[in-house]
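A.B. asks: The structure is given below, and queries will be raised subsequently.
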Amino acid sequence: MCEFPYTVHMTQKRISKEAINELPLYKLENDIELIIAPEQMAKAIEELRKAPVLGFDTETRPSFSKGESYSVSLLQLSTESKNYLFRINQVPFNQELAAILEDENIKKVGVAIHDDIKHLNRIRKFKAKAFIDVADLAKEKGIITLGLRSLAGLLLDKRISKKAKLSNWEQPTLTPAQINYAATDSEVSLKLFQALR
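Residue numbers (my numbering): 20 to 216.
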């Protein structure tokens, strides 16, 4: 495993929005593979099975009307060298992909992941194993501001842009901004886990 390259301020327990806004924007370090066809899945899953830890996140089209809801559109899994984005509204959330989420030997790490797991289970039932909420690790160390953006500011000295969060994740083609946003969330989750171990 590579040495962690960031300064970790474990004495700081909180960070303000104003302080975050002064930080440099986080830049993706790893390549992105957008999985939009079934034939891409086998190779991606083969690579993911080799990783001991995966950054994890999902994206869902936001709902602005009462009673309206959408299924998960995108599943992000990041290794130390690549970010895999599965458009599960276009490719199947199949048994092989679910098996990674059930594998107790592969840690899946993310921030506030309970709802992500619950919503994925609505598409395909699976037994979530070896999931770790990075916010829980941060709380154990006395950190007070626990969101992904706050933790990135506190632990990585970087600012994460959230501009694409409320965009339409079900549109036929994702924009470069959406792809970058989605990959950033799972890549940063992995880096935060490494920082807090």
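C-beta atoms are modelled at their ideal positions from N, C-alpha and C, and glycine is treated no differently.
Predicted, not measured: the structure shown is a model, and the values here were computed from it.
1) Could you have a look at Q217 and say whether DSSP puts it in helix, strand or coil?
2) Do you know how far the Cα of Y103 is from the Cα of H28?
3) How close, in whole Å, do the beta carbons of K158 and L165 come, if the pair is a contact with beta carbons under 8 angstroms?
4) What did DSSP end up calling K160 once you bin it into helix, strand or coil?
5) Could you spell out where the alpha helix (DSSP H) holding G172 opens and where it closes?
6) Give the range of the alpha helix (DSSP H) segment to which L96 is assigned.
7) Between the Cα of E41 and the Cα atoms of D176, K69 and T192, which residue gives the shortest distance?
8) Taking S92 as the reference, give the member of E189, L47 and L215 with the closest Cα.
C.D. replies: Let me lay it out:
1) Residue 217 falls outside the range modelled here, since the chain spans only 20 to 216, and no answer is possible.
2) Note that H28 scores a pLDDT of 48, beneath 50, so its modelled location is shaky and nothing firm can be said.
3) A Cβ-Cβ separation of about 6 angstroms places K158 in contact with L165 under the 8 angstroms criterion.
4) Coil, per DSSP.
5) L167 to L175 is the span of the alpha helix (DSSP H), which, as asked, contains G172.
6) No alpha helix (DSSP H) contains L96, which is instead part of the beta strand (DSSP E) from V91 to S97.
7) With distances taken between Cα atoms, E41 lies closest to D176.
8) If we check each option's Cα against that of S92, E189 comes out closest.
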